[in-house]
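I have placed the structure first, in the form of C-alpha cells, so that the comments after it can refer back to it.
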Amino acid sequence: MSNNVSRRHFLAGSTAAAGALSLGGASAFAADPLKVGFVYVGPVGDFGWTHGHDLGRKAIEKEFGDKVETTFVEKVAEGPDAERVIRQLASSGNKLIFTTSFGFMNPTIKVAKQFPDVKFEHATGFMTAKNVSAYNARFYEGRAVIGTMAGHMTKTGKFGYIASFPIPEVVMGINAFILAARKVRPDAEIKVVWVNSWFDPGKEADATKTLIDQGCDIITQHTDSPAPIQTAGSRGVWCFGQASDMSSFSPEYHATAILDVWDNYYVERTRAVMDGSWETSNVWQGMKEGMVQMSPYNERLPAEVVEAAETVRKGILDGSYLPFAGPIKDQDGKERIAAGEAMDDGALLSMDWYVEGVTA
Amino acid sequence: MTLDILVPIILTVVGSATPLLFAALGELVVEKSGVLNLGVEGMMIMGAVAAFGVAVSTGSGTLGIVAGAAAGMAMAFVFGVLTLTLAANQVATGLALTIFGLGLSALLGAGFVGIPVAPLAKLAIPGISDLPVIGPLLFAHDALVYLSLAAVVGVAWFLKKSRAGMILRAVGESDISAHSIGYDVIAVRYRAVLFGGAMAGLGGAFLSLSYTPLWNEGMTAGRGWIALALVVFATWRPWRLLAGAYLFGGVTILQLYSQGAGVAIPAQVLSMLPYLATILVLTIIAAGPWKGRLDAPACLGKPFRPST
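If you're matching them up, the sequences are chains A and B in order. So in my numbering, the last spot in the first sequence is 360, and the numbers never skip. So in my numbering, the last spot in the second sequence is 1308, and the numbers never skip.
Rendered as C-alpha cells:
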C-alpha cells in the first residue's frame, strides 16, 4: 500500500488525523502493518536524488508487501515546513521515518525528542540521537572510477565540472575525480563552473557549452538535471551521469553514471524496526555495501578504459584502492597528506580545499 | 580574443537571450495596454511542457511550437477572465498564475521526465551556413531564433505605426478616455493579454525544444521573472528590450565563462548584475534629467470597469 500525499492536503487534513491517531496509536495491534514515512526535498520525478530515494521506498514495499504501509511527502522545503511535515508523519502512526535531505537534520532531531517510540533515519547529516540514525553514501568512490576513465579518454587533458554549491560533499567529489585522473594523466586539470543551483537545466547547459568552448573534452557534473549530458552529447563530448542512468539523453557519449542505491539500507532498517533490533547508527556506505554503483558502461568505450575503471572499482571493493591516499598536494602545491597516509572520514566530511589541478 | 573563441560565446548568448526576448516582448505589449501580468513564469513553463509533450507524441517540432504558444494563451485567457472580466487584482492573480502554472506543468509533465526529444532543426542554407564566422553567427539558428527577432521588428512597428497599436497605447495611458471615445477597452486588453501568453509560451517552447531539449519540473528556473525585470529595464521600448535581452543573456554566459577561465570575480556578483542594472536604470530615469520619461503606461495595473 502506498499513499502519495501532497504537502498542502497533508497539512490541512492532519490536524484531525493527529487527534484521532494519538488516541488509537497506543493500542495498535501487532498484526497492523508497520507504517513507514518518507520526507523528500524534491519531486519524485526529478530523475535524480529524490527519484533514487523513492526507488528505495518501493524496495521496502516489494520486500514486505502487506506488512508495511509507506507514505511519502514530496517537495518539502528545508525550513519550518519540514518540521511540521515530520511531526505530522510521526503523529499519524508512522514508526519509521526517513528524512532525505541535509537540511532536514535539525527538524528531525527536534521532532524525534517528542516521539521517543518512533525511529528516524536522516540522510547526509552528522547528528544522531537515541532514536535518530544518520546515513550517507560514499559518492566519491564513484568519482574515483570516472576520474580514472576520464584520465584515459581525454586528449586535451582538460575536464569540465559543473558544480552546484561549494559544500564539502561537492568539493570532495571534485578532488576525488582529479586525483584519480592525474594518476593516469599527471598534467590533467579540471575547470569547475558553479551554477549555484542543484537544478537549472538552462544554466547547466550553458556551463557545459562554455567549458567545451574552453577546451574541455570530458564533462561531468554534480547537479541534478540531464542537460549537461544532452549538451555534451550533441557536441560529441564524453560525459558522466549523476545519480541516475542518464544514457537516454546521449546514448552515444554517456560513458557511465554514478548511481545512489538506497534499497538495501532501507529494507534492512525496516526489518530491524520490525524485529526490534533497531539501534542508533551513523553509517557512511559505499560500493562495498552496494549504496554506490556504476551504471552499465557505454559499449563504444575502448576496452582498456573499461578495464581501468573495473580495476579501480574492484580495488575500492577489496579496500586496496583508497581514493584519498597520500601524497596529496593542494591547489598551491603545498603537501597536505603525506605519502603512506590517507585522509580519514572526519577530514573528508569537512574538506574545504582543492587538490592540485583544480581551477575553481 | 580570437574569433574562434568569440563565435561560440556569441552563439551561447543567442540561446540564453532568445527565451527572455520572447517572454519580455509579450509582456511589453501586455503592459502597454495597461495590464500587469506577473504570471509570465507560469505561462512559460506551461508552454514548455505543452511543446515538449506534443513534440514527443507527434514527432513534430512545429506542432510542438504551436502547442507551446496555445498553452501560454490558455493560461493568459484564465488571467484575462479573472482580471479583465471579473476585475480581480492583477498582481495577486498574476502571482497565482505563476504558482498554478508551475504545479500544473509538473502534473502534466510527470510522464515526460527522462525522455529525450529531437532538437529543432537548424535552418541551414547549404554553402552560406558553412562560411567562417558569418555562417554560424547569422545563418545556422533554428526557426524560433529568427522568429524572436522578427517579432521585435513587428512589435516595434505595431506599437509605433499601426492604428491598432495606437489604440492599444491609448487604452494603456487612459482607459477612461479611450472608453469614452468608443473603444472597447476590455477587448483590446484581452487581445494584448492573449498575445503575451502566446509569446511566453513560445519562450517556454524554445527552452524545452531547442535550448535544452528535455522536460524537467521547474525548468524555466526564474526566467519569467527576469523577463519582467527586462521590460522595466527597457523602459517599455522594443528595441531597448532586444539589447537588454542580449545583455542579460550575455552577463549569464560571461559569468560562467569567467569561472571556467579561472577569473576571480565571485559568481554571485555577476549573477546579480541583471537586477542591479534594472535598479540602476530605474533610478537614473527617475532622478536624472530625463525625469518623467520613464514611459510606464499610466494605467498599468489598474482594473477597469466600464460604467454603464
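In this text, a Cβ means the ideal position worked out from N, Cα and C, and glycines have one as well. Keep in mind the model is a prediction, meaning the values are calculated, not measured.
query, result
"Three-pair Cβ contact test at 8 Å for the region 1217-1231 of chain B versus the region 1020-1035 of chain B", "yes"
"Cα-Cα separation, A/Asp-54 to A/Tyr-297", "24 Å"
"Under 7 Å from the C-beta of A/Val-193: neighbouring residues of chain B", "Leu-1256, Gln-1259 and Gly-1260"
"CB contact below 8 Å: A/Ala-227 versus chain B", "yes"
"Exposure of A/Gly-346, with buried meaning 16 or more beta-carbon neighbours within 10 Å", "exposed"
"Closer than 8 Å to chain B by CB, A/Lys-58", "no"
"Proximity below 8 Å, CB of B/Leu-1144 to CB of B/Ser-1210", "yes"
"Of the residues A/Ile-328, A/Glu-356 and A/Asp-263, the one placed nearest A/Gly-56, counting alpha carbons only", "A/Asp-263"
"Close-in-space but distant-in-sequence residues of the same chain around B/Ser-1060 (CB under 8 Å, 5 per side omitted)", "Val-1054"
"Segment contact flag, the region 162-170 of chain A with the region 189-201 of chain A, C-beta cutoff 8 Å, min 3 pairs", "yes"
"Rounded C-alpha distance that separates B/Phe-1195 from A/Gln-242", "39 Å"
"Residue burial classification, B/His-1033 (beta-carbon count within 10 angstroms, cutoff 16)", "Correcting the residue identity first, residue 1033 of chain B is Ser in this sequence and not His. The residue in question, B/Ser-1033, is buried, as its Cβ has 16 or more Cβ neighbours within 10 Å."
"As assigned by DSSP and simplified to three states, the class of B/Ile-1045", "helix"
"Per DSSP, the bridge partner or partners of A/Cys-330", "Checking the displayed sequence, the identity of residue 330 of chain A turns out to be Asp instead of Cys. Its beta-bridge partners are A/Val-355."
"Minimum C-alpha distance to A/Pro-201 - residue among A/Cys-216, A/Pro-251, A/Thr-231 and A/Asp-217", "A/Thr-231"
"Beta carbon proximity, B/Tyr-1211 to chain A, threshold 8 Å", "yes"
"Whole-number beta carbon distance between A/Glu-121 and A/Phe-98, since they are thought to touch under 8 Å", "5 Å"
"Distance between beta carbons of B/Phe-1100 and B/Phe-1052, contact taken as under 8 Å", "Incorrect: roughly 19 Å between the Cβ atoms, too far for contact."
"Inter-residue CB distance, B/Val-1231 and B/Val-1035 (contact presumed, cutoff 8 Å)", "Rounded, the Cβ-Cβ distance is 12 Å, inconsistent with contact."
"Backbone secondary structure at A/Ile-337 - three-state DSSP", "strand"
"Beta-carbon gap between A/Asp-260 and A/Val-292 smaller than 8 Å", "yes"
"The alpha helix (DSSP H) enclosing A/Gly-160, as first and last residue numbers", "Counting along the chain, A/Gly-160 falls outside any alpha helix (DSSP H), though it belongs to the beta strand (DSSP E) covering 158-163."
"Cβ pair count under 8 Å reaching 3, the region 267-285 of chain A against the region 118-134 of chain A", "yes"
"Entirely enclosed alpha helix (DSSP H) segments - the region 167-200 of chain A, minimum 4 residues", "168-184"
"Minimum Cβ-Cβ distance from A/Ser-207 to chain B less than 8 Å", "First, the residue type needs correcting, since residue 207 of chain A is Ala and not Ser in the sequence shown. Yes, because at least one Cβ of chain B sits closer than 8 Å to the Cβ of A/Ala-207."
"Distance, A/Ser-248 Cα to B/Thr-1012 Cα", "24 Å"
"Chain A contact for B/Ala-1050 (CB, 8 Å cutoff)", "no"
"Contacts of B/Met-1073 in chain A (Cβ-Cβ under 7 Å)", "Going along chain A, no residue has its Cβ under 7 Å from B/Met-1073, so there is no contact; the nearest lies around 23 Å."
"Anticipated Cβ contact below 8 Å, A/Val-355 with A/Ile-328, distance rounded", "6 Å"
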